[in-house]
Structures are given as structure tokens and as C-alpha cells.
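Here the structure comes first, spelled out in C-alpha cells, and everything after it is commentary.
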Amino acid sequence: MSELIIEQFMCRSDNFGVLVHDPETGLTASIDAPEAEPILEVLERRNWTLSHVFLTHHHADHTEGLALLGDRFNLKLIGPKKSMDKVGGIMLPVAEGNVIEWSGHDVKVLETPGHTLDHVSYWFSDDALVFAGDTLFALGCGRIFEGDAAMMWESLEKLSALPDATQLYCGHEYTLSNARFAISMDPENAELKVRAEEVARLRRDNLPTLPSSIGVERRTNPFLRAASPELKNTLGMSDASDEAVFAHLRQAKDNA
Numbered sequence: 351m352s353e354l355i356i357e358q359f360m361c362r363s364d365n366f367g368v369l370v371h372d373p374e375t376g377l378t379a380s381i382d383a384p385e386a387e388p389i390l391e392v393l394e395r396r397n398w399t400l401s402h403v404f405l406t407h408h409h410a411d412h413t414e415g416l417a418l419l420g421d422r423f424n425l426k427l428i429g430p431k432k433s434m435d436k437v438g439g440i441m442l443p444v445a446e447g448n449v450i451e452w453s454g455h456d457v458k459v460l461e462t463p464g465h466t467l468d469h470v471s472y473w474f475s476d477d478a479l480v481f482a483g484d485t486l487f488a489l490g491c492g493r494i495f496e497g498d499a500a501m502m503w504e505s506l507e508k509l510s511a512l513p514d515a516t517q518l519y520c521g522h523e524y525t526l527s528n529a530r531f532a533i534s535m536d537p538e539n540a541e542l543k544v545r546a547e548e549v550a551r552l553r554r555d556n557l558p559t560l561p562s563s564i565g566v567e568r569r570t571n572p573f574l575r576a577a578s579p580e581l582k583n584t585l586g587m588s589d590a591s592d593e594a595v596f597a598h599l600r601q602a603k604d605n606a
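Dropping the structure here:
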């Protein structure tokens with residue numbers, strides 16, 4: 351099994367485009383399709399042919415490029431079973447617990463609803479990669495549009511349970527604003543302070559803040575730390591449930 355090549359680049363105003371390429375088989379997958387033109391530019395520069403799209407959810411900023419890419423390539427669209435009434439052309443509908451064999455690599459499907467009801471994440475378990483779309487961000491999480499706090503917290507717990515070394519890729523470059531909020535909620539977190547400074551430096555240099563890792567997120571992302579006694583104490587919520595702390599954090603971020 352060959353080592354996968356990951357190419358990450360910007361689409362739209364703040365979306366990440368991500369291509370996953372297997373040099374042994376020549377197969378190339380796009381994680382979502384936020385915008386066709388940047389994806390096509392990278393494919394041409396790399397001399398890759400797009401073979402698959404892994405769709406995380408139905409929002410337009412993750413699906414806008416599908417039509418043009420589908421016209422250009424003989425694509426296999428993999429996506430949530432729950433997206434089939436919202437996104438046309440899904441050839442392999444997936445749900446919780448499914449394992450896809452892609453180019454000799456196992457891809458485990460995790461249902462991670464909350465941002466939307468149909469959201470899934472893709473865990474390349476043997477490659478220590480997870481593509482979490484708009485559920486988990488670096489130092490943040492997605493807004494809750496279709497689910498509720500309990501649903502989103504369960505999804506985040508599922509992602510937080512992945513091995514520490516798992517590299518995290520997500521749908522947007524929101525890390526700088528997320529870092530400011532995280533510091534305001536968790537000001538005594540020494541590792542978070544160091545990370546926030548690094549994020550600020552990266553953005554000053556116009557460099558991406560991703561990938562992150564599950565281990566780093568578990569220690570510094572306040573939304574994954576809702577169960578932490580230290581964070582609960584800082585928030586004055588020592589006796590609150592983990593879900594209640596998460597809901598408090600999400601509402602505070604929405605109002606920030």
C-alpha cells in the first residue's frame with residue numbers, strides 16, 4: 351500500500367479544497383467539491399485525473415463544483431445516504447459503520463450530524479487521516495444548522511475518540527477567529543496560548559493552519575474540552591453536564 355499524497359489549497363473565499371492521490375494506482379479523490387476551477391488547476395499542475403469525490407454534506411459551498419467536474423471526468427461520487435434527496439448523482443451512498451475500499455485503503459464512514467443532519471466524516475484509518483468537513487474545525491466546530499447541541503456533541507466525541515496522531519483536514523480556514531474565541535473561553539490553557547501565537551504567525555504569512563491532529567485538538571479546542579474539569583471550572587460550570595458546557599460554548603461562539 352503506497353503512501354497517499356495530500357494536496358490542500360484554497361477555494362471560494364475560505365473553503366479548503368483537498369485532493370487525495372494514490373501514486374501507485376493513479377486514483378485521485380476530491381474531498382467535497384467547493385469550486386471546480388481551483389480543483390482543475392491543481393489536477394492540471396499535478397497531472398492527475400480525478401476519479402472520485404467524497405462528499406461530506408449537502409451545503410452548496412461543498413457541492414458547487416460537482417457539475418463541472420462531472421462533465422470533465424468519469425467520476426464516482428461517494429456521499430451520505432441521507433444526502434440523496436438533496437444532491438443528485440451519488441453512486442455510492444454511505445452511512446455509519448460502512449467501510450469503503452478506495453485504492454487499497456480502508457475508509458471508515460462516521461456519521462457526524464449536527465451542522466447538517468446528513469453530515470459524514472471519512473476516516474482513512476490505516477493512513478491516520480480524517481476528513482471532517484464542517485463538523486470539526488481547527489480550534490472550533492461547525493455551526494448547528496439542522497441538528498441540536500446533543501447531536502453535535504455526540505459527533506465531536508466520536509471524532510475526539512480517534513487516535514491522537516490522526517491528521518485532521520476540514521472544510522474552512524477559520525482557525526484565527528477560532529483561536530481568539532478559544533483563548534477567551536480557556537485562558538489558562540498554556541498549550542492553547544502557544545498554538546494561538548503559531549496560528550497568528552501562519553496567517554500573517556498567508557499559510558494554512560491545517561492539517562491539525564486529533565491529539566492537538568483534544569488538548570486545545572474548547573469544543574472538544576467540554577468534559578474537562580479545568581475548563582468547566584473556568585467557565586463556572588463545574589457541576590454542568592458535558593453537553594451543557596458544549597451548548598454554552600457553541601452559543602457563545604454564535605454570539606461572538
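If you're matching positions, the sequence shown starts at 351 in our numbering and goes up one per residue. For every residue, glycine included, the Cβ atom is placed at its ideal position computed from N, Cα and C.
Helix, strand or coil: how does DSSP classify residue i here?
i, result
"V437", "coil"
"T485", "coil"
"F346", "As shown, the chain starts at 351 and ends at 606. That puts residue 346 outside it, with no answer to give."
"F474", "strand"
"E593", "helix"
"S352", "coil"
"L416", "helix"
"N448", "coil"
"H598", "helix"
"G565", "helix"
Determine the extent of the beta strand (DSSP E) in which residue i is found, giving its start and end residues.
i, result
"E357", "I355 to C361"
"L460", "H455 to E461"
"A379", "T378 to I381"
"E538", "Unbroken run through E538: none, as it is neither H nor E."
"G367", "N365 to H371"
"L518", "Q517 to Y519"
"H402", "H402 to F404"
Drop a sphere of 10 angstroms on the beta-carbon of residue i, count the other beta-carbons inside from all chains shown, and report buried for 16 or more, exposed for fewer.
i, result
"E523", "buried"
"R395", "exposed"
"P579", "exposed"
"S312", "In this structure the chain extends from 351 to 606, so residue 312 is not present and cannot be described."
"M441", "exposed"
"S401", "buried"
"E567", "buried"
"N365", "buried"
"S337", "This structure gives no information on residue 337, because the portion of the chain shown stretches from 351 to 606."
"T413", "buried"
"F474", "buried"
"F487", "buried"
Report the residue from the options whose alpha carbon sits nearest the alpha carbon of residue i.
i, options, result
"V449", "R575, G464, T466 and S471", "S471"
"R362", "I355, I389, L354 and S380", "I389"
"P384", "R493, W452, A417 and V544", "A417"
"L354", "C491, G490 and Q517", "Q517"
"G497", "D468, S510, P537 and S475", "D468"
"D536", "D514, P443, L512 and G586", "G586"
"A594", "K582, Q358 and I356", "K582"
"A499", "L489, A511 and T485", "T485"
"F531", "D514, C491, L512 and S591", "C491"
"T378", "L512, S453 and S527", "S453"
Would you mind reading off the limits of the alpha helix (DSSP H) that contains residue i?
i, result
"I389", "A386 to R396"
"L581", "P579 to T584"
"N556", "Looking at the DSSP string, N556 is not in any alpha helix (DSSP H), and its letter there is neither H nor E."
"L526", "T525 to M535"
"L509", "A499 to S510"
"G492", "Careful: G492 lies outside any alpha helix (DSSP H) and carries neither H nor E."
Could you tell me whether any non-hydrogen atom of the ligand GDP is closer than 6 Å to the CB of residue i?
i, result
"D382", "Summarising the ligand content, the structure contains no ligands, and the ligand GDP is consequently not present."
Counting only beta-carbon separations shorter than 7 Å, does residue i have a partner in chain C?
i, result
"R551", "Annotation note: the requested chain C is absent from the structure, which comprises a single protein chain."
| Within the chosen definition, does the region 588-599 reach the region 543-553 through at least 3 CB pairs nearer than 8 Å? | For the pair of segments examined, the region 588-599 was found not to touch the region 543-553: the number of CB pairs separated by less than 8 Å stays below three.
| Between the region 466-480 and the region 570-585, do at least 3 Cβ pairs fall closer than 8 Å? | No, they do not touch.
| task | Check whether the region 497-507 touches the region 456-476, counting contact only when three or more Cβ pairs, one atom from each stretch, lie closer than 8 Å. | result | Between the region 497-507 and the region 456-476 there are three or more C-beta pairs closer than 8 Å, enough to call the two in contact.
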